[in-house]
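Chemist: Before anything else, here's the structure in question.
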Amino acid sequence: MSRFFAGESTAQSTGFEAAWEEIRPKSSLGRRVKAKERPRLPGEEAALKEEFHQLLKAVSFYEKYPEAASKLEETLESLKDPFHVITLLEDKKTLTPAELFVVAHLAFSSGKVRAVLRETKDVGWPGEVTPPSLSSILKRLLPGTSGQPTFYIGDSFSPELEKVRAERKDRERKWREEMAKEALAVEALLSRRPGLREEIAIRKTDSELVRKARLMPELAETRETLTHVHFRLKATREAVRLEREINRLRQKEVSLEEEVLSSLSRELVPNLGDITRAAWALGKLDYLLAKARLYRSWGASVPEILDSSAPQVVLTGAFHPGVRKQVRERGGRYQPISIELDSTVAVITGPNMGGKTVALATIGLCVSLAQWALPVPCEKMSFTLYDFIYFQPQSPGKPGLSSFAAEVVSLKEPLSRSGQKGLVLLDEIGRGTNPSQGLALYAAVLQYFKEEKNGRCTVVATTHFHGLPDLTGVSHWQVTGLCPSCKAPVGNGPDADSSKDGSYGLNWLYDHMDYSLQRVGPDAKTPQDALLVARLLGLDKEIIKRAEKIFLNQNVS
Numbered sequence: 425m426s427r428f429f430a431g432e433s434t435a436q437s438t439g440f441e442a443a444w445e446e447i448r449p450k451s452s453l454g455r456r457v458k459a460k461e462r463p464r465l466p467g468e469e470a471a472l473k474e475e476f477h478q479l480l481k482a483v484s485f486y487e488k489y490p491e492a493a494s495k496l497e498e499t500l501e502s503l504k505d506p507f508h509v510i511t512l513l514e515d516k517k518t519l520t521p522a523e524l525f526v527v528a529h530l531a532f533s534s535g536k537v538r539a540v541l542r543e544t545k546d547v548g549w550p551g552e553v554t555p556p557s558l559s560s561i562l563k564r565l566l567p568g569t570s571g572q573p574t575f576y577i578g579d580s581f582s583p584e585l586e587k588v589r590a591e592r593k594d595r596e597r598k599w600r601e602e603m604a605k606e607a608l609a610v611e612a613l614l615s616r617r618p619g620l621r622e623e624i625a626i627r628k629t630d631s632e633l634v635r636k637a638r639l640m641p642e643l644a645e646t647r648e649t650l651t652h653v654h655f656r657l658k659a660t661r662e663a664v665r666l667e668r669e670i671n672r673l674r675q676k677e678v679s680l681e682e683e684v685l686s687s688l689s690r691e692l693v694p695n696l697g698d699i700t701r702a703a704w705a706l707g708k709l710d711y712l713l714a715k716a717r718l719y720r721s722w723g724a725s726v727p728e729i730l731d732s733s734a735p736q737v738v739l740t741g742a743f744h745p746g747v748r749k750q751v752r753e754r755g756g757r758y759q760p761i762s763i764e765l766d767s768t769v770a771v772i773t774g775p776n777m778g779g780k781t782v783a784l785a786t787i788g789l790c791v792s793l794a795q796w797a798l799p800v801p802c803e804k805m806s807f808t809l810y811d812f813i814y815f816q817p818q819s820p821g822k823p824g825l826s827s828f829a830a831e832v833v834s835l836k837e838p839l840s841r842s843g844q845k846g847l848v849l850l851d852e853i854g855r856g857t858n859p860s861q862g863l864a865l866y867a868a869v870l871q872y873f874k875e876e877k878n879g880r881c882t883v884v885a886t887t888h889f890h891g892l893p894d895l896t897g898v899s900h901w902q903v904t905g906l907c908p909s910c911k912a913p914v915g916n917g918p919d920a921d922s923s924k925d926g927s928y929g930l931n932w933l934y935d936h937m938d939y940s941l942q943r944v945g946p947d948a949k950t951p952q953d954a955l956l957v958a959r960l961l962g963l964d965k966e967i968i969k970r971a972e973k974i975f976l977n978q979n980v981s
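Laid out in structure tokens, this is it:
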């Protein structure tokens, strides 16, 4: 995924890799185009805008011409990858019939696609997805073909080849007639007619018939088993002569076919440019349609690309497709988020299980998809292009490193690129060490990014540390969370919805959490709801009571 994704797990953690796999072109040509894709970087705003314009055209095509879309998909799905053949032609090699068929099929498919694009020209198809006409190639390789193409070295390719084939067929006919006379003679004596090239088997117990067969000049004994004696028709002198003629003509036929293949291959070389352009055009069309299908599947949109040098991201109704799918599969209600990242650093606070990490992943995914010219999962989005995206999710430490040490080592990468324009997503940095020093380190990191000389990045940080937004003076967003009336006792298990004693569980917590983000003041109190969530998830009541008492005493002191 290139250096656009800083950090080993950024693409995976944001969900970009899973989303990327959902883009499924119908052909290997479309997959080739997909493999060449890269993110659009600052300075490429105009090109990105044009790609989104093309995407919307493809979406309108699916909506207005569903039958034509099915035809295109069927044609693209049947495409053969011609790039091996293109390489052979570049090296001026002679193609085999199977390889010529690949070129013929490409020409045939290009014609079908061009016809559909002409019929739907009001869509405004971009020139790069329209293959050039290969009708002259189709006419040369498949003369007189109207249905699905099947390449065969027909007589029409060479008058001499046609003559040799006619002579061979005539000799084969005469050979069959000659051998048929032999078979009739055998049938008259043995009452059994042998095949022209097959053995006949006579039981040894029928000794008289075996004796007669051995005396016949028309038969040759081929082998003997425990139970049978096997014979085959013996070719007459004329049949032997005809066989020699047939073999000579077959060799001549093969030689002439090679000349036809060589001639056709040479004729294709001047058309290499059009063949290559057609292959890439069909691949780009296939990839474009795959993006349009994803757009429709997600209910996505295209973003507004801002030309401003100041980095910013504004999302309205943004969702994470992978998480949304999981929530819906368990019968839950998915809640999109909206956020405006119009300052260098923003902090998100909220309750445990309030969706802060999912919010980070959603922001990273939307920006990633947008910069790869892919549909974005949100109602509306505007943003500036970034040089890189970095996401440090909560994770255990690497072998030999604690989780805190792993965080520190990983942080060095985005800090080393702070002079670039990056989107940096930090998920509870410093949680693996003592709270006071963890808070100090986190605040120092955010202040570093906030400084004017390092301020080209957009940083979004989640935290449970109280006072982090106030310490740094940055934009503060908070998950709305559970309403006060939701604070109920819990039952015996994390998966219980409710029980007769009025208790609640994990599913209830999902359903009653308000995941929306709201902008609050820097000094807004960070939610302290760990004990509430533990209660809702059914932790032993006695433990909860002791924890509440300890927490109360700490606050009083």
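Note that my numbering has the sequence shown beginning at 425, numbered continuously upward. C-beta: ideal position from N, C-alpha, C; glycine also. Every value quoted in this text rests on a predicted model; they were computed, and no experiment measured them.
How about residue 886 and residue 772: do their beta carbons lie closer than 7 Å?
Modeler: As a position in the sequence shown, residue 886 is number 462, starting the count at 1. As a position in the sequence shown, residue 772 is number 348, starting the count at 1. It is a contact, given that the beta carbons lie within the stated cut-off.
Chemist: Please go through the same chain and pick out, in chain order, the residues whose beta-carbon is closer than 8 Å to the beta-carbon of residue 791, but skip the five residues on each side of it.
Modeler: Counting from one through the sequence shown, the residue named residue 791 turns up at place 367. Same-chain partners within the cutoff: 737, 807, 810, 813 and 847.
Chemist: Output the boundary residues of the beta strand (DSSP E) element that contains residue 510.
Modeler: What you label residue 510 is simply residue 86 of the sequence shown in a count that begins at 1. No beta strand (DSSP E) holds residue 510; the alpha helix (DSSP H) holding it covers 507 to 514.
Chemist: In terms of residue numbering, what span does the beta strand (DSSP E) encompassing residue 902 cover?
Modeler: For the purposes of this step, residue 902 is taken as residue 478 along the sequence shown, with counting starting at 1. Element bounds for residue 902: 899 to 905.
Chemist: Under 8 Å by Cβ, that's how I've got residue 640 and residue 620 pegged, so tell me the actual separation to the nearest angstrom.
Modeler: If you number the sequence shown from 1, residue 640 lands on position 216. If you number the sequence shown from 1, residue 620 lands on position 196. At roughly 16 Å, the Cβ-Cβ gap does not stay under 8 Å, so residue 640 and residue 620 are not in contact.
Chemist: Counting contacts by CB-CB distance shorter than 7 Å, is residue 641 in contact with chain C?
Modeler: Protein chains in the displayed structure number just one, and chain C is not present.
Chemist: Would residue 562 pass as a contact of residue 531 if the rule is Cβ separation under 7 Å?
Modeler: The residue you call residue 562 lines up with position 138 of the sequence shown. The residue you call residue 531 lines up with position 107 of the sequence shown. Yes, the Cβ-Cβ distance between residue 562 and residue 531 is below 7 Å.
Chemist: Can you check DSSP and say which residues form a bridge with residue 943?
Modeler: Looking up residue 943 in the sequence shown gives position 519. In the DSSP output, where bridge partners are listed per residue, residue 943 has 901.
Chemist: Mind pulling the beta strand (DSSP E) runs of 3 or more residues that sit fully within the region 612 to 672?
Modeler: 623 to 627, 643 to 648 and 652 to 657
Chemist: Taking the alpha-carbon of residue 868 as reference, which of 880, 483, 835 and 845 has the nearest alpha-carbon?
Modeler: Counted from its first residue, the sequence shown places residue 868 at position 444. Taking only the C-alpha atoms, the option nearest residue 868 is 835.
Chemist: Are the region 441 to 460 and the region 495 to 505 touching, with three or more C-beta to C-beta distances below 8 Å?
Modeler: yes
Chemist: Which class does residue 750 belong to by DSSP, given the choice of helix, strand or coil?
Modeler: Here residue 750 is taken as the residue at index 326 of the sequence shown, counted from 1. The answer is helix: DSSP assigns residue 750 an H, G or I state.
Chemist: Starting from the Cα of residue 863, find the closest Cα among 522, 880, 893 and 874 and give me that residue.
Modeler: Mapped onto the sequence shown, residue 863 falls at position 439. Of the candidates 522, 880, 893 and 874, the one whose C-alpha sits nearest the C-alpha of residue 863 is 893.
Chemist: Specify the secondary structure class of residue 844 as computed by DSSP and reduced to three states.
Modeler: Locating residue 844 in the sequence shown gives position 420, where the first residue counts as 1. The answer is coil: DSSP assigns residue 844 none of H, G, I, E or B.
Chemist: Please name the residue in 634, 630, 607 and 712 whose C-alpha comes closest to that of residue 484.
Modeler: Indexing the sequence shown from 1 puts residue 484 at position 60. It is 712.
Chemist: Apply the 10 Å Cβ neighbour rule to residue 499 and answer buried if 16 or more other Cβ atoms are within range, or exposed otherwise.
Modeler: Position 75 of the sequence shown, counted from the start, is the residue given in the question as residue 499. Buried, since its Cβ has 16 or more Cβ neighbours within 10 Å.
Chemist: Should residue 635 go down as buried or exposed, given a rule of 16 or more other Cβ atoms within 10 Å for buried?
Modeler: Translated into the one-based positions of the sequence shown, residue 635 becomes position 211. Result: exposed.
Chemist: Going by the beta-carbon positions, is the gap between residue 486 and residue 705 smaller than 7 Å?
Modeler: Along the sequence shown, one-based indexing puts residue 486 at 62. Along the sequence shown, one-based indexing puts residue 705 at 281. In terms of Cβ geometry, residue 486 and residue 705 do not form a close pair [threshold 7 Å].
Chemist: DSSP beta-bridge partners for residue 725?
Modeler: For this step, residue 725 is matched to residue 301 along the sequence shown. DSSP lists 800 as partners of residue 725.
Chemist: With contact counted as at least three CB pairs below 8 Å, one residue from each stretch, are the region 653 to 661 and the region 674 to 692 in contact?
Modeler: No contact exists between the region 653 to 661 and the region 674 to 692.
Chemist: Measuring only the C-alpha atoms, how far is residue 624 from residue 581?
Modeler: As a first step, residue 624 must be located in the sequence shown, where it is residue number 200. As a first step, residue 581 must be located in the sequence shown, where it is residue number 157. Distance between the alpha carbons of residue 624 and residue 581 is about 42 Å.
Chemist: Flag this pair as yes or no: are the beta carbons of residue 439 and residue 746 separated by less than 7 Å?
Modeler: Along the sequence shown, one-based indexing puts residue 439 at 15. Along the sequence shown, one-based indexing puts residue 746 at 322. When the beta-carbon positions are compared, residue 439 and residue 746 come within less than 7 Å of each other.
Chemist: Kindly identify the DSSP beta-bridge partner or partners of residue 948.
Modeler: As a first step, residue 948 is located in the sequence shown; it is residue number 524 there, counting from the start. Residue 948 has no beta-bridge partner at all, per DSSP.
Chemist: Grab me the residues of residue 431's own chain with a C-beta within less than 7 Å of its C-beta, minus the 5 sequence neighbours each way, in chain order.
Modeler: Looking up residue 431 in the sequence shown gives position 7. Once the five neighbours on either side are set aside, the close Cβ partners of residue 431 are 814, 815, 816, 834 and 837.
Chemist: Going straight from the alpha carbon of residue 832 to that of residue 784, what length do you get?
Modeler: Translated into the one-based positions of the sequence shown, residue 832 becomes position 408. Translated into the one-based positions of the sequence shown, residue 784 becomes position 360. Looking at the two C-alpha atoms, the distance is approximately 19 Å.
Chemist: So residue 651 packs on residue 627, CB below 8 Å; how close in whole Å?
Modeler: The sequence position of residue 651 within the sequence shown is 227, counting from 1. The sequence position of residue 627 within the sequence shown is 203, counting from 1. Their Cβ separation, rounded to whole angstroms, is 6 Å, which keeps residue 651 and residue 627 in contact under 8 Å.
Chemist: I need the boundaries of the alpha helix (DSSP H) containing residue 561, first residue and last residue.
Modeler: Your numbering for residue 561 matches position 137 in the sequence shown. Run containing residue 561: 559 to 565, per the alpha helix (DSSP H) assignment.
Chemist: What number of angstroms, rounded off, separates the C-alpha of residue 714 from the C-alpha of residue 444?
Modeler: Taking the first residue of the sequence shown as position 1, residue 714 is located at position 290. Taking the first residue of the sequence shown as position 1, residue 444 is located at position 20. Spanning the two alpha carbons is a distance of roughly 11 Å.
Chemist: Using a 10 Å radius around the Cβ and a threshold of 16 neighbouring Cβ atoms, would you call residue 515 buried or exposed?
Modeler: The residue labelled residue 515 in the question sits at position 91 within the sequence shown. So residue 515 ends up on the exposed side.
Chemist: Buried or exposed for residue 851, going by 16 or more other Cβ atoms inside 10 Å?
Modeler: The sequence position of residue 851 within the sequence shown is 427, counting from 1. Residue 851 is buried by the Cβ-count criterion.
Chemist: Report the residue from 525, 535 and 697 whose alpha carbon sits nearest the alpha carbon of residue 688.
Modeler: Reading the sequence shown from its first residue, position 264 is the one you call residue 688. The option with the nearest alpha carbon to residue 688 is 525.
Chemist: Helix, strand or coil: which one does DSSP assign to residue 770?
Modeler: Here residue 770 refers to the residue found at position 346 of the sequence shown. If DSSP states are grouped into helix, strand and coil, residue 770 belongs with the strands.
Chemist: Which of helix, strand or coil does DSSP assign to residue 742?
Modeler: For the purposes of this step, residue 742 is taken as residue 318 along the sequence shown, with counting starting at 1. Residue 742: strand per DSSP, three-state reduction.
Chemist: Report the residue ranges of all alpha helix (DSSP H) runs contained in full by the region 856 to 890; include only those spanning at least 4 residues, in chain order.
Modeler: 859 to 874
Chemist: For the beta strand (DSSP E) holding residue 815, just list the boundary residues, first then last.
Modeler: Residue mapping note: residue 815 aligns to position 391 of the sequence shown, counting from 1. Unbroken beta strand (DSSP E) run through residue 815: 812 to 816.
Chemist: Does the beta-carbon of residue 953 have 16 or more other beta-carbons within 10 angstroms, so that it is buried, or is it exposed?
Modeler: Position 529 of the sequence shown, counting from 1, holds the residue named residue 953. Burial call: buried.
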